[in-house]
Every structure is written in structure tokens, then in C-alpha cells.
Amino acid sequence: MQNTNDSATSMKPDLANDGAAGSVKADPTSGGAGASNDDLLRVEGLKTYFYTEDGIVKAVDGIDFSLKRGEVLGIAGESGCGKSVTSLTIMRLISQPGKIVAGHIWFDGKDLATATEDEMTKIRGNRISMIFQQPTSCLNPVFKVGDQIVEVLKVHKRMSDRAAKDRAVELLTMVGIPSAKKRYDSYPHEMSGGMCQRVMIAMGLANEPELLIADEPTTALDVTIQAQILELMKALKKDINTAIILITHDLGVMAEMAERMVIMYAGKVVEQTDTNSLFESPKHPYTQGLLASIPVLGQVRDRLEVIPGTVPSLRNLPPGCRFAARCPRQMPICVDEEPDLLKVHGRSVRCWLYHPAIDPDPTACADQTLDKLNTYRQTQQEPPAAAAK
Amino acid sequence: MATNANNVNELDNREPADAIKPSENGANTPVQHITGVGGGVTGDSTDYIMRVQNLKKYFPVRGGVLQRVVGQVKAVDGVNFDVRRGETLGLVGESGCGKTTVGRTVLRLLNPTGGNVLFEGRDLTTLNAGEMKKTRRNMQIIFQDPYSSLDPRVPIGQSVGEGLLIHGFSREEREQTVRDMLKRVGLHPEHARRYPHEFSGGQRQRIGIARALTMHPSFIVADEPVSALDVSIQSQVLNILKDLQQEFKLTYLFIAHNLSVVEHISDRVGVMYLGKMAELADRDELFNNPRHPYTQALLSAIPIPDPRIRRDRIILKGDVPSPLNPPSGCRFHTRCWLAQQICSDQEPEWRDIGSENATAHPHLVACHFAEQTKVKGLANEIKEQLGTDTKV
Amino acid sequence: MAVATTLDREQIASAKEESQRSVIWRRFRKHKLAVVGLGIIGTLTLLSLTAQLWTPYDPTVPGFNSGVQAFANPGYSNPSNGDIYIMGTDNIGRDVLSRLAYGGQISLSVGLLCTLLVAIIGTIVGAISGFFGGFVDTVLMRIVDLVLSLPFLPMLLALSIVLGPGYWTIVIILTAFGWPGTSRLVRGSVLSLRNLDFVEATRALGASNTRIITRHLLPNSLAPIIVDATLNVGGFIVAESSVSFLGFGISEPASSWGNILAGLEDVARQAPLQLIWPGLLIFLTVLSINFIGDALRDALDPRLKL
Chain V
1 MQNTNDSATS MKPDLANDGA AGSVKADPTS GGAGASNDDL LRVEGLKTYF YTEDGIVKAV
61 DGIDFSLKRG EVLGIAGESG CGKSVTSLTI MRLISQPGKI VAGHIWFDGK DLATATEDEM
121 TKIRGNRISM IFQQPTSCLN PVFKVGDQIV EVLKVHKRMS DRAAKDRAVE LLTMVGIPSA
181 KKRYDSYPHE MSGGMCQRVM IAMGLANEPE LLIADEPTTA LDVTIQAQIL ELMKALKKDI
241 NTAIILITHD LGVMAEMAER MVIMYAGKVV EQTDTNSLFE SPKHPYTQGL LASIPVLGQV
301 RDRLEVIPGT VPSLRNLPPG CRFAARCPRQ MPICVDEEPD LLKVHGRSVR CWLYHPAIDP
361 DPTACADQTL DKLNTYRQTQ QEPPAAAAK
Chain L
1 MATNANNVNE LDNREPADAI KPSENGANTP VQHITGVGGG VTGDSTDYIM RVQNLKKYFP
61 VRGGVLQRVV GQVKAVDGVN FDVRRGETLG LVGESGCGKT TVGRTVLRLL NPTGGNVLFE
121 GRDLTTLNAG EMKKTRRNMQ IIFQDPYSSL DPRVPIGQSV GEGLLIHGFS REEREQTVRD
181 MLKRVGLHPE HARRYPHEFS GGQRQRIGIA RALTMHPSFI VADEPVSALD VSIQSQVLNI
241 LKDLQQEFKL TYLFIAHNLS VVEHISDRVG VMYLGKMAEL ADRDELFNNP RHPYTQALLS
301 AIPIPDPRIR RDRIILKGDV PSPLNPPSGC RFHTRCWLAQ QICSDQEPEW RDIGSENATA
361 HPHLVACHFA EQTKVKGLAN EIKEQLGTDT KV
Chain X
1 MAVATTLDRE QIASAKEESQ RSVIWRRFRK HKLAVVGLGI IGTLTLLSLT AQLWTPYDPT
61 VPGFNSGVQA FANPGYSNPS NGDIYIMGTD NIGRDVLSRL AYGGQISLSV GLLCTLLVAI
121 IGTIVGAISG FFGGFVDTVL MRIVDLVLSL PFLPMLLALS IVLGPGYWTI VIILTAFGWP
181 GTSRLVRGSV LSLRNLDFVE ATRALGASNT RIITRHLLPN SLAPIIVDAT LNVGGFIVAE
241 SSVSFLGFGI SEPASSWGNI LAGLEDVARQ APLQLIWPGL LIFLTVLSIN FIGDALRDAL
301 DPRLKL
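Protein chains in written order, with my numbering: chain V, 1 to 389; chain L, 1 to 392; chain X, 1 to 306.
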């Protein structure tokens with residue numbers, strides 16, 4: 001773990017240089033250093049790489065987003081886009097061969113990327129907690145569920161056995177488990193998937209964390225059970241005012257739960273905005289394609305739109321925009337240059353189409369476009385942020 | 001009966017060469033949807049490819065030192081439905097409702113505990129091994145998990161061509177068909193010598209589809225074919241399935257838990273709950289005029305990817321009961337908000353309550369109170385909220 | 001020789017079509033230690049098989065100073081007749097080199113033959129048991145339990161009384177006690193594979209049970225079978241020695257690596273070097289087989305990049 005810290009620290013100057021061309025400053029939501037008092041969590045230029053035998057897997061490759069207290073932020077994307085690694089990185093649960101290579105995770109003024117393991121232990125399960133996709137495998141099969149909640153309570157708070165047990169029963173009742181006192185003594189295998197997920201949520205909320213990370217919390221559940229859990233999460237959010245990072249590939253769940261959304265593709269944030277405008281008018285071609293390709297209940301279409309091809313390998317990423325090869329609006333520059341995260345109408349989009357200096361013309365010559373871009377950059381000094389098309 | 005039997009014989013007597021040249025049948029001939037034929041409710045004039053009658057599949061539960069049978073999981077417990085030639089019949093339900101078991105049992109990959117499966121007019125449950133092997137050429141299956149559905153030690157070309165090998169086609173025919181099929185599902189024929197692990201999930205699913213189609217079957221059970229795939233890959237596979245249906249005149253029994261997907265691809269939809277069929281009707285009829293309380297709850301539980309739509313949700317109490325010891329009467333009564341005494345006493349009849357749109361197809365439902373359960377319906381609800389008709 | 005033909009074939013089929021066998025051989029060769037192991041096993045086998053042709057002395061007849069405790073160190077030259085004993089002689093003056101060469105015939109063949117038989121029987125029983133399940137499974141597995149619960153030594157005594165000591169007695173006894181372990185292993189593997197979708201898919205294509213077992217289930221169970229077999233080889237070579245030691249196998253004056261080792265136990269202190277020779281050969285054989293097994297397992301698994 002010490003290793004990780006060292007490397008993260010040593011990468012800092014590098015990141016600072018990189019920052020001008022990269023996206024840190026371009027991201028409007030992250031703002032300056034002082035402008036983030038109400039941000040509970042601010043992720044800046046975060047990179048998590050996995051050093052495998054077959055090469056470096058750039059699972060998370062420079063992402064920025066922020067989260068206010070009590071807000072529900074959705075992170076959506078397909079498998080391999082880095083959404084789960086992002087959440088594990090925030091929890092600092094990345095182990096060998098993974099490493100935080102660069103970036104900051106500002107949590108309430110503290111950088112989790114460089115925090116020591118001791119500091120993280122105090123935060124994990126206490127101020128930030130996490131619930132996972134497979135509730136049945138996340139509970140220890142040989143302990144009673146109630147005792148597992150008690151353990152979470154006692155790790156972080158000095159509590160008498162009696163008080164902890166009462167609190168555990170209270171939590172079980174809160175997450176809607178009938179006859180919670182009896183259920184306290186149940187073992188995980190005696191409960192259904194939905195019940196186990198409720199227990200996981202009870203554990204996650206045991207210490208009333210400021211941030212709850214829910215990684216595909218309902219994916220393994222049936223729809224009617226999913227409805228129960230979503231309803232529960234909404235109700236609990238109202239009561240405890242916990243900020244939630246909701247990670248899911250189900251855009252329906254997203255639309256229902258999230259206030260703001262981050263769309264990820266191949267380790268990068270491609271679009272970030274509030275949920276309503278994202279669904280109403282998606283800007284990034286990937287987001288557009290994603291929304292057009294899902295069958296929507298009650299809206300029968302003869303054919304679904306298709307995003308051709310597959311996600312590029314994270315070991316061997318293209319030099320330009322990562323979506324370029326699959327993009328219906330690909331321009332020559334897309335293949336050569338990686339676009340910045342641009343601010344367009346109060347949202348962030350990583351796409352050249354919205355760059356003020358670029359003519360969204362698929363036939364434009366790459367060199368010309370590049371010249372234009374460079375001229376623009378020189379005149380602006382700073383990467384474009386405010387300008388929109 | 002007699003004509004149907006002849007039909008099967010004809011199919012069986014086809015020269016292998018005929019069977020493996022699907023492309024000759026042309027992509028331009030659209031499927032004749034028999035489902036529209038008027039007055040076919042009673043069944044005689046309708047061309048059924050499969051009729052399932054009172055199908056039952058129980059799995060024994062063994063316990064104790066002597067491994068004696070101590071109980072039975074009634075995975076499928078008396079299911080009736082027909083599949084019309086050329087249609088896609090969607091089968092939805094939550095995990096444990098028995099939909100996958102139905103898919104396996106109608107193909108006789110599992111032997112039914114009771115009931116009949118008439119395929120092309122012949123009762124599959126009475127066929128001997130040889131007859132069954134012949135029939136298998138006409139009925140195939142596509143699986144959910146693209147990772148376990150291909151033998152990791154066999155090159156994919158061999159997997160795709162295995163059916164042809166089993167049924168005695170020559171090497172040249174096999175190789176030709178494998179190449180054609182791989183091309184047809186959007187893969188390079190040169191990939192035939194590669195192993196499954198070299199492909200992505202979506203590509204593997206295409207390989208699975210190619211394998212199912214090499215023998216030019218008429219009936220395909222698609223068991224959750226897209227639920228393990230990423231969103232952007234799902235639509236690719238769904239479109240391929242639709243295209244192939246047109247091209248090869250396929251009939252699908254499409255099993256899924258995702259109602260949006262089922263709505264997209266199906267002509268008719270059946271809803272299962274705890275080993276029983278709860279409701280079965282035309283797609284639009286089922287989604288807009290669901291009559292079984294379970295169907296209504298299921299439909300209301302789906303989150304719609306449009307934040308403008310806020311729906312009143314029916315939140316069901318509790319979990320699905322164990323199929324080891326299903327509730328008496330109507331199996332849904334333990335979670336049903338309309339349940340009355342009769343629901344726990346008496347099993348509701350599987351009956352036709354008539355479609356709203358007066359189509360030819362029956363609206364079958366198993367609920368005592370089906371006449372009194374009318375709801376607003378999904379399309380109307382969305383229309384009200386958005387002020388537009390979303391039907392495209 | 002096999003090497004040559006495969007190489008030829010590989011060159012012919014160079015770019016486009018490479019037969020599965022040559023792919024396996026190409027992948028096998030990447031495992032250098034296994035190639036060395038193959039060389040060692042090949043050399044040992046060849047030397048043992050041709051022992052009659054090259055060994056200088058009769059392995060059963062004491063060469064000199066008969067009757068007396070008479071070790072000779074390696075390289076000993078008999079002053080009376082000029083005979084040279086490269087590896088020395090044993091306690092009654094027999095040439096160690098010749099005894100090891102002839103003993104190799106027994107030890108290697110017992111080890112390899114029993115391994116092969118155990119693998120075959122264990123695989124068949126395990127595959128049938130795991131695939132069909134139910135009653136068949138219950139019966140077969142109870143037989144396995146029965147065999148595993150039998151006490152080895154008393155049964156050995158009983159069997160060898162019935163069969164009489166000798167080479168085939170050893171083979172039968174070792175096989176009879178060896179297969180249940182393998183069959184359990186194979187059964188477990190088949191059990192975990194048989195409900196996978198690709199098996200169901202093959203059945204849906206109309207494949208017979210035999211085809212499903214031989215073409216799909218067993219190839220996928222190869223890894224544990226191979227590992228088990230490589231471990232068995234050493235075990236059987238050593239087991240042969242204990243059986244022989246008890247007098248139910250290869251008995252004096254015929255030799256096997258095991259009984260050479262066993263025969264030295266009370267004189268080990270006087271001539272520790274003599275213990276090394278058979279031990280070294282057993283060690284080399286087992287090690288080589290393990291390397292070959294590892295390489296074979298990896299070469300047969302297309303998922304592994306080599």
C-alpha cells in the first residue's frame with residue numbers, strides 16, 4: 001500500500017504538467033481549488049492502471065467528477081468502462097497489480113489517493129460505505145446476519161454489545177426486513193437475494209455514512225425485488241441524506257434514481273450532466289447511441305439502433321477518441337487527437353463535435369483541423385471551457 | 001395429424017444438401033405471419049408449430065443418508081400454450097418461475113414429468129431416441145451465457161459444424177455451411193479455427209446463434225439470449241435474431257426476464273409465475289391491457305429510461321414462495337393485493353377473456369377476478385405523461 | 001522420430017492449416033524442462049529395454065568374492081580378472097549398473113503401465129458415474145468407497161496368496177487400489193461440466209451420450225486426469241518397491257529399483273553411495289514425468305497463452 005502512495009505522490013508533478021492539455025482544468029464542475037466547499041467528493045484526473053503480464057490495463061484513465069452532499073450521482077457505462085474500478089479506487093480497495101497512477105480523490109478536504117491505510121480503515125464502512133452486486137457472496141456465510149451488522153458498528157464506534165445489537169435490529173427494521181428480531185439470528189443462506197441486499201444496505205448505512213457507493217445494487221435481483229430495493233433506497237436517502245454514487249448499466253434505474261449522471265466509456269468520462277437533460281438530449285454520440293439502442297418499455301420500434309463494433313481493449317487503446325472507431329459522426333481529427341472534456345450548455349462532453357474551433361464536418365482534412373485547433377489553443381491559453389456551439 | 005406427420009417425414013427426408021443451403025431460400029421472402037389469420041382461435045385453421053399441453057416438470061429433492069426423495073420442486077406445473085409458425089412467443093417471469101425449464105422441456109433436453117409437447121403434430125414425449133435425433137435438426141436452442149455455451153477446448157468452427165457432423169454431412173458441406181453461417185452472423189469465416197476465449201461475449205453469442213442455425217431448424221428456443229450482454233451489444237444481437245427470423249422463417253420461443261426486450265421482439269407474450277402460466281396474449285394487448293395482478297405488478301416495476309415518466313408503482317410484498325411447497329389455489333395469492341378467500345381455496349381456471357382490440361388471438365389469463373382488474377395500461381400512461389403517442 | 005515427422009508436417013502446413021497435433025507439440029516444446037524430461041524418460045526407457053545388449057554382467061550373479069559381504073565402490077576393478085564395475089557392486093558382489101538397467105525394465109513398466117490402467121479405469125468409471133448420476137452413480141461410488149476403505153496390506157497379502165507373487169500380481173494389485181482416487185476426481189470434474197450449456201447445446205444438436213462424454217466432457221477433464229497420472233507414476237514405482245520388499249512382487253535375484261533400494265536398508269550405513277543410484281533414478285523419473293505432465297496439461301488447454 002505504501003508503494004501506491006509513493007507512486008501517486010511521485011506522479012503529481014507529471015500530472016500538473018499534463019493538466020493543461022488534459023481535462024482537469026477543462027472540467028467546469030471541478031472548478032478551482034477553493035470553489036468546492038459544498039462538494040463532498042471531488043475526483044480529479046484519477047488514473048488507475050493494472051500492470052498485468054500482458055500489458056498495462058488502463059481501467060480508469062483520467063476521470064473527473066464531483067458530488068455534493070446528499071446528491072445521487074449515477075455512473076453508467078458498459079462492462080470494462082471502468083465504473084466499478086472507479087468505485088473501488090475511491091474506497092482504495094485496488095490491490096495488486098492495480099495502482100493509482102495519478103489524480104486526487106478529495107473527500108471532505110482530504111485526498112484519499114494518498115491517505116494511509118490506517119486513515120482509510122477509519123473511513124471505510126464509517127464515512128464511506130459500499131454495497132455490491134452479489135449480496136449473497138458479500139455476506140459471510142458462517143455468521144448470523146445480525147452479528148455481521150454488529151461487527152460493522154463496533155469496528156467504528158464504541159458501543160456496548162447490547163446497544164449494538166439493538167441498533168442492528170433497528171437497522172434491519174429500517175430496511176424493511178419483517179420480524180427483524182428473529183431475522184437477526186438468520187444466516188445468509190436462509191435469506192433470499194433481495195433480503196440479503198437489504199442486509200447489505202443495512203450494513204452500509206449502519207454508521208450513517210456521508211457517502212454510499214452502490215455498485216450495481218439491483219442487477220442480480222428480479223424486477224419486482226429491484227422495485228422494492230429502489231423504493232427502499234429512495235426512502236432511506238430522504239431520511240439520512242447520504243450522498244450516493246450509483247453505478248449501473250441499467251439506464252432505467254439511472255433515470256429513476258440519479259440526479260446527475262456520468263457516462264463512462266473505455267476508462268474516460270464522455271459525458272456528465274443532470275439526468276433530465278441527459279435523457280432529453282444526449283450530446284455525446286456514444287450516449288446517443290446507447291439511448292437509441294435499448295428497447296424501452298411502451299415504445300415499440302421495429303429495429304433498434306446499433307452501435308457497431310465493440311469496446312476497444314484497455315491494453316491497446318487508440319490514440320484519438322476512444323469511441324472514434326464506432327462513432328457514426330467520426331471526423332478525421334477524432335482518430336488522431338483525444339478530445340478534451342468540453343463544457344457545452346452547462347454540461348461536460350468529451351467530443352470534438354462541440355469544440356468551438358472545429359467545424360463538425362466529417363470530410364474536413366485532419367491537418368487543417370489540427371492547425372485550427374492549435375491556433376485556437378494559443379489564443380485561448382487555457383483549454384476551452386466556456387465557449388459553446 | 002396425418003398431414004403434419006407427413007410434414008415431419010418430408011423434413012426428415014430432405015437431402016442434407018437442401019437443408020444446409022438456407023441462403024437459397026432468399027433473404028427477400030418475408031415470413032408469412034400466420035398469426036393474423038382470422039378466426040383461428042379454435043386452432044384448426046391455424047398453423048401451430050408447437051402445442052404444449054399440461055406440461056409438468058418436477059425435480060425430486062433428495063435428502064437424508066439414503067438419498068430418498070423427500071420432496072419435489074414443481075418447476076413447471078401444468079403449463080399450456082401454443083406456438084404459431086413464424087411468430088415469436090415471448091416467455092417472461094422472474095427467476096425460479098420455470099421459464100427456463102419450459103424451454104428445456106419442450107426440446108426434450110429434460111424429460112417432462114407429465115403432459116404433451118406436440119411439435120409439428122407429433123408428440124415429442126413418445127419419440128424414441130432415433131426419431132428424437134432426427135427431430136432435433138428442426139429445433140434448436142440459444143443460451144444465455146456466452147461463456148459456458150461453447151466448449152472451451154473446441155475451435156468455434158468445429159462447434160458450429162458439430163450438428164452437421166452428427167447428422168452425417170460431408171466435410172465439404174460442413175465447412176461451406178460453417179463459413180456461410182459465420183459470415184451471416186457477422187463474423188469472419190477465417191475465425192473458424194480460433195477458440196472461444198478469443199472472442200468477446202457478443203461474438204460468442206453470435207457463434208452460439210450460428211451453431212443453432214446450421215441445420216436450418218424451424219423452431220428455436222432462445223433462452224435469455226441477450227441478458228448477459230452489454231447494452232450496446234444487446235441491440236446488435238436482437239437485430240440479428242430478427243433478421244434471421246425473416247431469412248430462415250424461424251419460429252422463436254423467446255425466454256427472458258427483461259420485459260422491454262420481450263416487448264421489442266415478441267408477437268405474443270406469456271407471463272409465468274411459480275411454475276404456472278399467469279397470462280398470455282398478443283404483445284400490445286398484454287402490455288396495454290394486463291389483467292393478471294402479477295403482470296400488472298411486473299410491468300409497473302420496470303424502471304423506464306426516461307426521467308420525465310413517473311409511474312405509480314405496485315410494490316409487491318415479500319419474495320416468491322418456494323416451488324418446493326407452492327401456495328394453494330392461485331399461486332400468487334400470497335403477494336396479491338386483490339386476493340380473497342377464493343384465491344387460496346381454488347386454483348383459477350386458464351381462460352380466454354377476449355382481447356380488447358378484438359384481434360383473433362385469445363387473451364388467456366389465470367385469475368378469478370380478471371374481469372375486474374382493468375388498469376390504465378402502459379401506452380396510455382406514457383401518453384398521458386408525455387402528451388404524445390410514443391408508438392413508432 | 002516423432003519429432004521429425006511432426007516437424008515435417010509443420011513445415012508443410014506452415015502458414016495456413018496447422019493440425020491440432022502439431023499445435024500441441026509446438027506448445028509443448030515451449031516448456032523447456034518438459035522437453036528435457038521427455039529426453040530423460042526416453043533415454044532411461046531405451047537403456048532399460050536394451051539392457052540385454054549392453055550391460056557388462058549378469059545382474060543376478062555375484063561377480064566376485066561371492067558369499068561374503070563385499071561391497072565395491074564405483075569404478076572398482078577386480079584385481080583377479082580385471083573386471084571393472086562402473087557403479088560398483090552390491091553387498092553380494094553383483095554389478096549395480098546391470099541391476100539398475102534390468103530393474104528399470106520392471107520399475108518403469110510397472111509405473112507407467114499401472115498409471116495408464118488406473119487412468120483408463122478411473123476415467124471410465126468416473127465419467128459414467130458423473131454423467132449418468134442417480135442409481136449408477138450411487139452403486140459405482142459405493143464400490144469406490146469400499147475399495148478405498150479396504151486395508152492395503154492385509155488385502156495385499158490375501159491377493160498375492162491367491163495370485164502368487166510376480167510382475168502381474170504387482171500390476172493388478174496397484175491398479176486395483178489406484179483407480180478409485182482417479183475415478184472420484186473424474187466424476188467431480190464431469191459433474192461440474194455436465195450441466196454447462198455447451199453440453200446441453202451438443203445434446204440439442206442430436207449428439208449421443210458417448211459423443212458428449214468423449215468429445216466434450218473428457219477433454220475438459222484432462223487437466224486433473226493428467227496431474228493425477230503424473231503423481232501416480234512416482235507413487236507406483238515406490239509402491240512396487242514396498243510390495244516387493246514384503247515379498248509379494250519382484251523377488252531376488254531379479255531386480256527392480258524398488259527392491260534394490262529395499263535390499264540395501266540394513267547395509268546403508270556401510271555403503272551410502274549405493275542408495276543414491278536407485279533413488280536418483282526414481283527421482284529423475286518422477287520429476288521428468290511431472291514436467292511432462294505440466295507441459296501436456298498446458299499445451300492441451302487452448303485458453304493458455306504459451
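The beta-carbon is built from N, C-alpha and C at its ideal position, and this holds for glycine as well.
Can you tell which of the options has its C-alpha closest to the C-alpha of residue i?
i: residue 40 of chain V; options: V:78, V:108 and V:155; result: V:108
i: residue 256 of chain X; options: X:39, X:239, X:135 and X:221; result: X:239
i: residue 72 of chain L; options: L:347, L:324, L:340 and L:385; result: L:324
i: residue 220 of chain V; options: V:49, V:137 and V:349; result: V:137
i: residue 176 of chain L; options: L:192, L:186, L:167 and L:166; result: L:192
Can you list the residues of chain L that residue i reaches, using a CB-CB cut of under 7 Å?
i: residue 256 of chain V; result: 303
i: residue 219 of chain X; result: 153
Taking all protein chains shown into account, do 16 or more other C-beta atoms lie within 10 angstroms of the C-beta of residue i, making it buried, or fewer, making it exposed?
i: residue 189 of chain X; result: buried
i: residue 125 of chain X; result: buried
i: residue 129 of chain L; result: exposed
i: residue 54 of chain L; result: exposed
i: residue 67 of chain V; result: buried
i: residue 33 of chain L; result: Confidence is the limiting factor: at residue 33 of chain L the pLDDT is only 38, short of 50, which leaves the residue's position unreliable, though a coordinate-based value still follows. Answer is exposed; the Cβ neighbour count stays below 16.
i: residue 50 of chain X; result: exposed
i: residue 43 of chain L; result: In this prediction, residue 43 of chain L scores a pLDDT of 44, lower than 50, which makes its location untrustworthy; the coordinate-derived value is nonetheless stated afterwards. That one is exposed.
i: residue 51 of chain V; result: exposed
i: residue 136 of chain L; result: buried
i: residue 229 of chain V; result: buried
Just reading off the alpha helix (DSSP H) that residue i is part of, what are its end residues?
i: residue 348 of chain V; result: Looking at the DSSP string, residue 348 of chain V is not in any alpha helix (DSSP H); the run it does join, the beta strand (DSSP E), is 347-349.
i: residue 149 of chain V; result: 145-156
i: residue 259 of chain X; result: 257-263
i: residue 251 of chain X; result: Note, residue 251 of chain X: premise wrong, no alpha helix (DSSP H); not H, not E.
i: residue 129 of chain L; result: 129-136
i: residue 378 of chain L; result: 378-386
Can you tell me where the beta strand (DSSP E) with residue i in it begins and where it stops?
i: residue 106 of chain V; result: 98-107
i: residue 158 of chain X; result: No beta strand (DSSP E) contains residue 158 of chain X, which is instead part of the alpha helix (DSSP H) from 152-163.
i: residue 278 of chain L; result: 276-282
i: residue 257 of chain V; result: Unbroken run through residue 257 of chain V is the alpha helix (DSSP H), 251-257; no beta strand (DSSP E).
i: residue 137 of chain X; result: Not the beta strand (DSSP E): residue 137 of chain X falls in the alpha helix (DSSP H), residues 134-149.
Along chain L, which residues have their Cβ under 9 Å away from the Cβ of residue i?
i: residue 196 of chain X; result: 145, 148, 149 and 151
i: residue 78 of chain V; result: 230, 231, 232 and 233
i: residue 138 of chain X; result: 67
Residues of chain V with CB closer than 9 Å to the CB of residue i, please, in chain order.
i: residue 202 of chain L; result: 310
i: residue 257 of chain L; result: 222 and 223
Just to make sure I have the definition right: I need the residues of chain V whose C-beta is within less than 7 Å of the C-beta of residue i. Which are they?
i: residue 297 of chain L; result: 224
If the cut is a Cβ gap below 8 Å, which residues of chain L does residue i touch?
i: residue 303 of chain V; result: 239 and 242
List, in chain order, every chain X residue whose beta-carbon is nearer than 8 Å to that of residue i.
i: residue 137 of chain L; result: 206
i: residue 195 of chain L; result: 302 and 303
Using the beta-carbon of each residue, which ones in chain V are nearer than 8 Å to residue i?
i: residue 319 of chain L; result: 192, 194, 195 and 225
For residue i, which residues of its own chain have a beta-carbon under 8 Å away from its beta-carbon, when the five flanking residues on both sides are left out?
i: residue 187 of chain V; result: 141, 142, 143, 144 and 145
i: residue 4 of chain L; result: In this prediction, residue 4 of chain L has a pLDDT of 42, which is less than 50 and means its spatial position is unreliable; nothing more can be read from the coordinates.
i: residue 195 of chain X; result: none
Residue i versus chain X: which residues are under 9 Å apart at the beta carbon?
i: residue 167 of chain L; result: 205 and 206
Using a Cβ-Cβ cutoff of less than 7 Å, which residues in the same chain neighbour residue i once the five nearest sequence positions on both sides are dropped?
i: residue 374 of chain V; result: none
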